[in-house]
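Below: one structure, written as structure tokens.
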């Protein structure tokens, strides 16, 4: 589990494709206490560390993950957002983030102002129902509040600090960004859907079938 509070930007030192897709990432803060088999969110994607030294760590990316995230576009020299997994003593400064990406959005516009930058992102149709005004969303692993929602587009407001300390400051119009919706909304959907299904099951026809006589 993660909070969506990026600890630092790492530098991709190498990309290996065969026989497995691997990323070698240089970092500093996230290496503190990190060992093999630990989890690190890379641009919001939860990945397992398979190797680590004093200056960098190595992760392996599964084909399914490549297909549903923008990690397939990462190249040597790129910057990536990094966050270590939660510990029991970690402050939950953002919101609950699992590191399981729900889809990829595309940046429609970036409006830069003195006090903030407004970024508009196009949502995949499958995620529209999980996004609400003032709700939470993880964008490239960054926990953000949805400022406005219009159809299948939403906007977020980025502070100068966020732009300076995450890769969102490097993004431009047309770029693809990893999205993770608030997991609570998915749990609620499941509860409501299953609840409605059970109510439909207990009908007059169902009661007659199981032996109840309805006068």
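In my numbering, the protein residues as written are 3 to 217.
The C-beta atom is built at its ideal place from N, Cα and C for all residues, glycine as well.
Where DSSP assigns a beta bridge to residue i, which residues make up the other side?
{"i": "residue 107", "result": "179"}
{"i": "residue 43", "result": "48 and 85"}
{"i": "residue 61", "result": "25 and 51"}
{"i": "residue 13", "result": "28 and 81"}
{"i": "residue 194", "result": "Answer is none; residue 194 lacks a bridge partner."}
{"i": "residue 121", "result": "112 and 158"}
{"i": "residue 18", "result": "24"}
{"i": "residue 99", "result": "4"}
Looking at C-alpha atoms only, which residue of the options is the closest neighbour of residue i?
{"i": "residue 103", "options": "82, 112, 139 and 92", "result": "139"}
{"i": "residue 10", "options": "177, 43 and 91", "result": "43"}
{"i": "residue 124", "options": "133, 117 and 166", "result": "133"}
{"i": "residue 130", "options": "94, 150 and 167", "result": "150"}
{"i": "residue 7", "options": "146, 207, 56 and 172", "result": "146"}
{"i": "residue 74", "options": "157, 128 and 178", "result": "178"}
{"i": "residue 81", "options": "3, 16 and 160", "result": "16"}
{"i": "residue 176", "options": "109, 116 and 162", "result": "109"}
{"i": "residue 144", "options": "195, 47 and 190", "result": "47"}
{"i": "residue 12", "options": "69, 77, 18 and 40", "result": "77"}
{"i": "residue 92", "options": "195, 194 and 3", "result": "3"}
{"i": "residue 39", "options": "20, 30, 59 and 31", "result": "59"}
{"i": "residue 117", "options": "162, 126, 174 and 152", "result": "162"}
{"i": "residue 172", "options": "61, 69, 136 and 112", "result": "112"}
{"i": "residue 152", "options": "159, 94 and 135", "result": "135"}
{"i": "residue 62", "options": "148, 20, 195 and 188", "result": "20"}
{"i": "residue 64", "options": "18, 196 and 30", "result": "18"}
{"i": "residue 137", "options": "187, 192 and 207", "result": "187"}
{"i": "residue 115", "options": "159, 148, 94 and 90", "result": "159"}
I'd like to check one pair, residue j with residue i: are the Cβ atoms closer than 8 Å?
{"i": "residue 182", "j": "residue 67", "result": "no"}
{"i": "residue 169", "j": "residue 142", "result": "yes"}
{"i": "residue 79", "j": "residue 5", "result": "no"}
{"i": "residue 56", "j": "residue 28", "result": "no"}
{"i": "residue 164", "j": "residue 122", "result": "no"}
{"i": "residue 2", "j": "residue 14", "result": "Because the chain spans 3 through 217 in this model, residue 2 falls outside it and cannot be assessed."}
{"i": "residue 98", "j": "residue 190", "result": "no"}
{"i": "residue 167", "j": "residue 45", "result": "no"}
{"i": "residue 127", "j": "residue 154", "result": "yes"}
Does the ligand ZN have a heavy atom nearer than 7 Å to the CB of residue i?
{"i": "residue 177", "result": "Looking for the ligand ZN in the displayed structure turns up nothing, as the structure carries no ligands at all."}
With a threshold of 8 Å, are at least 3 pairs of Cβ atoms found where one atom belongs to the region 19-35 and the other to the region 45-59? At 8 Å Cβ cutoff, the stretches touch.
Cβ pair count under 8 Å reaching 3, the region 81-88 against the region 29-44: With the cut-off at 8 Å, the region 81-88 and the region 29-44 touch.
Residue ranges of each alpha helix (DSSP H) run of no fewer than 4 residues wholly in the region 128-172, ordered along the chain? 162-167
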